[in-house]
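Participant: Sharing a structure below in structure tokens format, with a few things to ask.
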Amino acid sequence: MSNRLTLINNLSGVVLDGQFKNITIVNCDPITGKSKADNGMLSLVFRAEDIDSGTFVAIKFFDPDWFDPTNLRQNLFIRESELLQKLRNKNRCLQLTQEVRQYPLIVTNPTNGQTLTLNTLYMIMEWIEDDILDYFLNQDQFDAITKLKVFRLTALSIFSLHAERIYHRDVKRDNFRKAIRNNSDYVIAIDLGTAVSIDAQPNSNQSIYANPLGAGAFAPLEAHCGLGGIRKLGVSGDVYALGSMLHDLFNIDLFHVRLFNEVNFLKIFAAFKGQMLIEMQKNPSEEDILKIWHKNLKLIQYESFPLNIEGSGNTIPNAIKNNLNQLFNDLINLDYRKRLVKSDVFLHKIDGIIRILSSAKLEDKRIQERLKLKQQKEQRAKLTQDRLDEYLNRQQG
Amino acid sequence: VKIMLEISKNSKLPDIALDPINVEVSALDSVLVLPPIGKLVMGKPISMQGQSLTKNYDSLTDIAKDILMPELKSLLRSKDRFLNSSTYLAKLSGVYQACGDTALATVYASKAKEINSSPVFLQRLGDTFLKANNPKEALNIFSDLRTKGYIDSHLRLAEFAINNQNFTEATKLVDEALSLDNLDWKVRLLAGTLALTRKEFEQAIRHYRIAIESKPNSSVLRLNIAISHYLLGHPKKALREAQKAVAVSPLNLNALIFLADIVLKESGKSETKNLSTLQRHLESYFLLMPIDKGLISRLADVYLSQGKINEGIELLDKNKDQINDPVIWNNLGVFWSSKKNELAVKYYQQSIENVGGIKHASLNRGSSFATLNLVNLLMNNKKYIQAEAILKTFVQNTVNTEYLEDEVLCKVPVAMLRAYVHLDKVMEAVNLAENLLKNPDLHILGRLDFLAALTTYHSFVTLKHNLSVEFAREAVNLAMEFKSEVPFDVINLAKNNLACALLESGSIDEARQLIEQLQVNSKNSEYIYATKGLYSLHTGHIDRAKGFFQQAISLAENEKKDAIRLKMNFELGKFCYINLDYQHAKFHFKKVVDAKNVRDGWSFKELQIKSIEILNEMQLKNITKH
Chain A
1 MSNRLTLINN LSGVVLDGQF KNITIVNCDP ITGKSKADNG MLSLVFRAED IDSGTFVAIK
61 FFDPDWFDPT NLRQNLFIRE SELLQKLRNK NRCLQLTQEV RQYPLIVTNP TNGQTLTLNT
121 LYMIMEWIED DILDYFLNQD QFDAITKLKV FRLTALSIFS LHAERIYHRD VKRDNFRKAI
181 RNNSDYVIAI DLGTAVSIDA QPNSNQSIYA NPLGAGAFAP LEAHCGLGGI RKLGVSGDVY
241 ALGSMLHDLF NIDLFHVRLF NEVNFLKIFA AFKGQMLIEM QKNPSEEDIL KIWHKNLKLI
301 QYESFPLNIE GSGNTIPNAI KNNLNQLFND LINLDYRKRL VKSDVFLHKI DGIIRILSSA
361 KLEDKRIQER LKLKQQKEQR AKLTQDRLDE YLNRQQG
Chain B
1001 VKIMLEISKN SKLPDIALDP INVEVSALDS VLVLPPIGKL VMGKPISMQG QSLTKNYDSL
1061 TDIAKDILMP ELKSLLRSKD RFLNSSTYLA KLSGVYQACG DTALATVYAS KAKEINSSPV
1121 FLQRLGDTFL KANNPKEALN IFSDLRTKGY IDSHLRLAEF AINNQNFTEA TKLVDEALSL
1181 DNLDWKVRLL AGTLALTRKE FEQAIRHYRI AIESKPNSSV LRLNIAISHY LLGHPKKALR
1241 EAQKAVAVSP LNLNALIFLA DIVLKESGKS ETKNLSTLQR HLESYFLLMP IDKGLISRLA
1301 DVYLSQGKIN EGIELLDKNK DQINDPVIWN NLGVFWSSKK NELAVKYYQQ SIENVGGIKH
1361 ASLNRGSSFA TLNLVNLLMN NKKYIQAEAI LKTFVQNTVN TEYLEDEVLC KVPVAMLRAY
1421 VHLDKVMEAV NLAENLLKNP DLHILGRLDF LAALTTYHSF VTLKHNLSVE FAREAVNLAM
1481 EFKSEVPFDV INLAKNNLAC ALLESGSIDE ARQLIEQLQV NSKNSEYIYA TKGLYSLHTG
1541 HIDRAKGFFQ QAISLAENEK KDAIRLKMNF ELGKFCYINL DYQHAKFHFK KVVDAKNVRD
1601 GWSFKELQIK SIEILNEMQL KNITKH
């Protein structure tokens, strides 16, 4: 039996720390222990009930099956907890309930049958139930204003991380939850496993960043070309992912499906990736990498982004098409330096768009009301006329 | 002054071979393929490339599929929850499609359509059928959508019609789409390209201009406009648009090729700014993109035009083994010809050997050029007999001229003409020229070449000036008729030739009008000043004539300086002789006879012979003492 399954079985039916009961595994199959996620797991997430408050919590365990001789992964796990500590009492951020602790997991060594104790790390955080998938995957059930408001909150949750000098590195629709705090709606970014502090020392081994750390489909061009480890680029990488989410709210095609069908983009993608991989083998300094990258960007400085937000069959109202496209282009610019990373400018733009839409909606409502009044008036006039006709007929009769 | 027109503007340089590359005119997912630039105006049929919707997906790299696969898994995790959402199903279908599973893509697109029958999902299903290689079902859906006035379906149907070469139906569909929304850029793009196929170039530009309002940074649209301008006979405007197309998308190979061809062939190699910009673009392209044979030849040509021989050799040397084809060997020969003749000969021969020897040389563009270049190199070294022998073998084995590029087709006889003249076979050369003029396949520039040769021949050898005027006039008419294909300076040369022929035949007034016209068009041309000098002599103003000639000499390049000086001395000698100023006449004729470094060709040789004759005559009559 794998260590992972042993842990799942051990936690089943027990009360952890004397406080958390009904512990059930969430992100992998409880029978096979196979991951439900897209890639290799770093942690096992359990849902449990807090006996004291009656609320649910998420218990995140470091995956005991990870072969981690240098403790690199374990350090990342600890880093996540440290980052969450920095975010305590921030309304727009995920809240940590309990810092990293050790759980003594007793496992059997399959080679000699002897038992040994693995001190497995875990931390506990709040459990937020509602995701935001409906707005993306059942989008025609929501009007544009609702979707834009959700997007606004989603972006703000990321910008609030940025304000704490943290970037997420795995922004995608699956990693957000809806919550109500102090009677206000919030969208919270979860899974900070790949998140890092902007000020943290970069990893000396740049080769581990040949591909994006988070979901590749939401990652910007530079992250695919081996620049994912450069701290300076982190914030704009998150912003790019937000842009692709904005696209998916209004289109029946996913952003990256459209993008990877653009021959011109693929050409740039393949060329840049190929070139940077060769350059990376020379083990250049961060400064040199950026120099080469800027040279590349200069080459495509006039290249319009291959996509317009208005894909085939999009549901963007006419009133905001231009403004929304402008915002979209600001978020997903191929040049990371030109992306909209300032939250106040973002707010100004998105609120403007929502206002336009609200006014248009209000105007529509006014027109409808006026129409209704006119119809009522006509009906009344008709009624009066009918009565008059009836009276005259009677008189004549 | 008659300067024999030669097809290569810089006759001293051998010809670099550029692989002919078709120009793609984009229309949505289809691509119209136009023949290489040099052939565009010859009216060859415009061919159409097949449906490229599937091509786009084929080009989706494995890397992209790897990136999308987790996304597919992520969507599938929510399958139970969103099975009744049409947008979810459409998205799922799209990801399956992108990952190459057309069967499941069709299943989910059908389910989406069942839940929501709006045109968007119908169109999606139609597209999925198309990509799954089921055009019949797709066609049914698009035809149904057409009745509902859904523009995208019109465009798909138009593409079907284009692929079936049914341009009338395609035009009808696009017109219908235009009536639904005349500002839709996709409709305008297709409308423009259809106009292009009908050779309504101005109309095409109008459509593209409207489309570009919505897509200002579209390299494809800019290139299409450039192509339309080119076909309309506006090379400068075409150049400007092609430059924009490359500026907005420097990795657009199609735009780069078009720009390179237009800069190299049209804008004049003297425009160093254009050349250096082009060089920068091409070099940047090679920094990132894999080797492209056609572009390497063009970059080499750019180096050659700027006299950057070492850079050219380095470029070709680096890529010669990987490319290993007659074109690259010929081009290496071209570069070495200015440094080391033996190496040039070696590379030309390698190019010819690459196709199996001189007998097969005409089957390949590179080896054809190599043959031609080798022959010219031999002739420059006065090896006329050897050159003539190679040319004869080449011509005898050219069974089908269809494969031979126009440029080669008209240059081979020019080389033969040159060999014949030097082997004292003038009559054979004239016969060759006259016969070739009857060949309908002869390229327009070749035709102009031979007409110029015949003009020169009658003007200098037979002295039948009426015939000389006739041929010169035919050349001008021809150049004007095909003016979009004939470089501007060649048209002016043809006009200049006619002006000279007219002066010699005594039609001074007509000549004056032509000269006035030329003065406006080509202010800084040495030829026009020389012709003005000739005109001044014919109107009796010797001092003014000398001034004009001197100006022409100062404007001309080295070799041409000598040629113009020789012609000036001959004409001044003639003028003095007629006006009984024998002393000055003798002075000028002697200068003609003593002239060295005079370019090849019968005209100047003839001037020297005639000068000797007149000097002898003067000596016989002993009239120089007067």
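Just so you know, the sequences run in chain order A and B.
Using this note's numbering, the final residue of the first sequence is 397, and nothing's skipped along the way.
Using this note's numbering, the final residue of the second sequence is 1626, and nothing's skipped along the way.
Beta carbons: idealized from backbone N, C-alpha and C, even for Gly.
According to the neighbour-count rule (16 or more other Cβ atoms, all chains shown, within 10 Å of its Cβ), is A/K60 buried or exposed?
Facilitator: Counting from 1 along the first sequence, the entry for residue 60 of chain A is found at position 60. Looking at its Cβ environment, which holds 16 or more other Cβ atoms inside 10 Å, A/K60 is buried.
Participant: Going by beta carbon distance, what residues of the same chain come within less than 8 angstroms of B/A1415, once the five residues before and after it are set aside?
Facilitator: Your numbering for residue 1415 of chain B matches position 415 in the second sequence. Result list for B/A1415: L1372, V1375, N1376, M1379, A1387, L1391, in chain order.
Participant: Checking contacts by CB at 8 angstroms: is B/T1087 closer than that to chain A?
Facilitator: Numbered from its first residue, the second sequence carries residue 1087 of chain B at position 87. Cβ-Cβ to chain A under 8 angstroms: yes for B/T1087.
Participant: Cβ of B/R964 within 8 angstroms of Cβ of B/Y1535?
Facilitator: What the structure shows of chain B is the stretch from 1001 to 1626, and residue 964 of chain B is not part of that stretch, so it cannot be assessed.
Participant: Quick one: what does DSSP say A/V14 is sitting in, helix, strand or coil?
Facilitator: By one-based count along the first sequence, residue 14 of chain A stands at place 14. Correct three-state label for A/V14: coil.
Participant: Residues of chain A with a CB under 8 angstroms from the CB of B/Q1279: which are they?
Facilitator: Counting from 1 along the second sequence, the entry for residue 1279 of chain B is found at position 279. Residues of chain A passing the Cβ test: none, with the nearest at roughly 15 angstroms.
Participant: To test your reading of the DSSP string, which unbroken alpha helix (DSSP H) runs of 4 or more residues are found completely within the region 283 to 371 of chain A?
Facilitator: 286 to 299, 321 to 331
Participant: I'd like to know whether the C-beta of A/I8 is nearer than 8 angstroms to at least one C-beta of chain C.
Facilitator: The chain labelled as chain C is not found among the protein chains of the depicted structure, namely A and B.
Participant: Find the residues of chain B that neighbour A/I252, judging by a C-beta separation of less than 7 angstroms, and give them in chain order.
Facilitator: Residue numbering aside, residue 252 of chain A sits at position 252 when the first sequence is read from its first letter. By Cβ distance, chain B contributes T1087, A1090, K1091, V1120, R1124.
Participant: Hey, B/N1569 and B/S1525: beta-carbon distance below 8 angstroms or not?
Facilitator: For the purposes of this step, residue 1569 of chain B is identified with residue 569 of the second sequence, where counting begins at 1. For the purposes of this step, residue 1525 of chain B is identified with residue 525 of the second sequence, where counting begins at 1. Cβ distance not < 8 angstroms, so B/N1569 and B/S1525 don't count as in contact.
Participant: Under the rule that 16 or more other beta-carbon atoms within 10 Å means buried, what is B/K1131, buried or exposed?
Facilitator: Counting from 1 along the second sequence, the entry for residue 1131 of chain B is found at position 131. Result: buried.
Participant: Check distances from the C-beta atoms of the region 1178 to 1211 of chain B to those of chain A and list, in chain order, the residues that come in under 7 angstroms.
Facilitator: none
Participant: Which of helix, strand or coil does DSSP assign to B/R1198?
Facilitator: Looking up residue 1198 of chain B in the second sequence gives position 198. In the structure shown, B/R1198 sits in coil (DSSP, three-state: anything other than H, G, I, E or B).
Participant: Under a Cβ-count criterion, where at least 16 other Cβ atoms within 10 Å of its own Cβ denotes burial, should B/P1326 be classed as buried or exposed?
Facilitator: By 1-based counting over the second sequence, the position of residue 1326 of chain B is 326. That one is buried.
Participant: Where B/F964 and B/L1315 are concerned, what is the direct C-alpha to C-alpha distance, given to the nearest angstrom?
Facilitator: Only positions 1001 to 1626 of chain B appear in this structure, which leaves residue 964 of chain B out of reach.
Participant: Less than 8 angstroms between CB atoms is the rule here; does B/R1240 satisfy it with respect to chain A?
Facilitator: For the purposes of this step, residue 1240 of chain B is identified with residue 240 of the second sequence, where counting begins at 1. Output row for B/R1240: interface = no.
Participant: Say whether chain A places a C-beta atom closer than 8 angstroms to the C-beta of B/D1152.
Facilitator: The residue given as residue 1152 of chain B occupies position 152 in the second sequence. At least one chain A Cβ lies under 8 angstroms of B/D1152.
Participant: Closest Cβ-Cβ distance between A/G216 and chain B: below 8 angstroms?
Facilitator: Against the first sequence, residue 216 of chain A aligns to sequence position 216. Yes, contact with chain B.
Participant: Does the Cβ-Cβ distance between B/A1300 and B/L1278 come in under 8 angstroms?
Facilitator: Residue numbering aside, residue 1300 of chain B sits at position 300 when the second sequence is read from its first letter. Residue numbering aside, residue 1278 of chain B sits at position 278 when the second sequence is read from its first letter. No, the pair does not count as a contact, with Cβ atoms beyond the cut-off.
Participant: When the Cα of A/M123 is compared with those of A/D17, A/G13, A/Q141, which residue comes out closest?
Facilitator: The sequence position of residue 123 of chain A within the first sequence is 123, counting from 1. The residue with the shortest Cα to Cα distance from A/M123 is A/D17.
Participant: With a threshold of 16 other CB atoms inside 10 Å of the CB of A/M1, please say whether the residue is buried or exposed.
Facilitator: In the first sequence, the residue the question calls residue 1 of chain A occupies position 1. When all chains shown are included, A/M1 counts as exposed.
Participant: Does B/V1095 come within less than 8 angstroms of chain A when only Cβ atoms are used?
Facilitator: To locate residue 1095 of chain B, count along the second sequence from 1; it is residue 95. Look at B/V1095: its C-beta is under 8 angstroms from a C-beta on chain A.
Participant: Per DSSP, A/A48 is paired with what?
Facilitator: Counting from 1 along the first sequence, the entry for residue 48 of chain A is found at position 48. Answer is A/V57, bridged to A/A48.
Participant: Please list the terminal residues of the continuous alpha helix (DSSP H) segment that includes B/K1590.
Facilitator: Looking up residue 1590 of chain B in the second sequence gives position 590. Looking at the DSSP string, the run of the alpha helix (DSSP H) that includes B/K1590 is 1582 to 1594.
Participant: Relative to chain B, which residues along the region 238 to 266 of chain A have a C-beta separation below 7 angstroms, given in chain order?
Facilitator: I252, D253, L254, H256, V257, F260, N261, V263, N264, L266
Participant: Rounded to whole angstroms, what is the Cα-Cα separation between A/L297 and A/L334?
Facilitator: The residue given as residue 297 of chain A occupies position 297 in the first sequence. The residue given as residue 334 of chain A occupies position 334 in the first sequence. Rounded to the nearest angstrom, the two C-alpha atoms are 8 angstroms apart.
Participant: Do three or more CB pairs link the region 48 to 66 of chain A to the region 123 to 138 of chain A at distances below 8 angstroms?
Facilitator: yes
Participant: Expressed to the nearest angstrom, what Euclidean distance is found between the alpha-carbon atoms of B/T1398 and B/G1357?
Facilitator: Against the second sequence, residue 1398 of chain B aligns to sequence position 398. Against the second sequence, residue 1357 of chain B aligns to sequence position 357. Rounded to the nearest angstrom, the two C-alpha atoms are 13 angstroms apart.
Participant: By the DSSP assignment, the alpha helix (DSSP H) with A/F151 in it spans what residues?
Facilitator: One-based indexing of the first sequence puts residue 151 of chain A at position 151. A/F151 -> alpha helix (DSSP H) spans 144 to 163.
Participant: Please state whether the Cβ-Cβ distance between B/E1474 and B/L1502 is less than 8 angstroms.
Facilitator: Position 474 of the second sequence, counted from the start, is the residue given in the question as residue 1474 of chain B. Position 502 of the second sequence, counted from the start, is the residue given in the question as residue 1502 of chain B. Going by C-beta atoms, B/E1474 is not nearer than 8 angstroms to B/L1502.
Participant: I'd like to know whether the C-beta of B/E1071 is nearer than 8 angstroms to at least one C-beta of chain A.
Facilitator: Numbered from its first residue, the second sequence carries residue 1071 of chain B at position 71. Cβ-Cβ to chain A under 8 angstroms: yes for B/E1071.
Participant: Pick from B/L1223, B/Y1529, B/H1541, B/I1542: whose alpha carbon is nearest that of B/A1552?
Facilitator: If you number the second sequence from 1, residue 1552 of chain B lands on position 552. Comparing alpha carbon positions, the residue from B/L1223, B/Y1529, B/H1541, B/I1542 closest to B/A1552 is B/Y1529.
Participant: Please state the DSSP three-state secondary structure of A/A179.
Facilitator: Counting from 1 along the first sequence, the entry for residue 179 of chain A is found at position 179. In this structure, DSSP gives A/A179 an extended state, which the three-state scheme calls strand.
Participant: Report the CB separation of B/L1232 from B/F1201 in whole angstroms; it is logged as a contact under 8 angstroms.
Facilitator: The residue given as residue 1232 of chain B occupies position 232 in the second sequence. The residue given as residue 1201 of chain B occupies position 201 in the second sequence. Going by Cβ atoms, the distance from B/L1232 to B/F1201 rounds to 4 angstroms, so yes, they are a contact pair.
Participant: Measure the C-alpha to C-alpha separation of B/F1167 and B/I1212 and round it to an integer number of angstroms.
Facilitator: The residue labelled residue 1167 of chain B in the question sits at position 167 within the second sequence. The residue labelled residue 1212 of chain B in the question sits at position 212 within the second sequence. If I take the Cα positions, the gap works out to 23 angstroms.
Participant: Kindly identify the DSSP beta-bridge partner or partners of A/D185.
Facilitator: Indexing the first sequence from 1 puts residue 185 of chain A at position 185. Looking at the DSSP assignment, A/D185 forms a beta bridge with A/I180.
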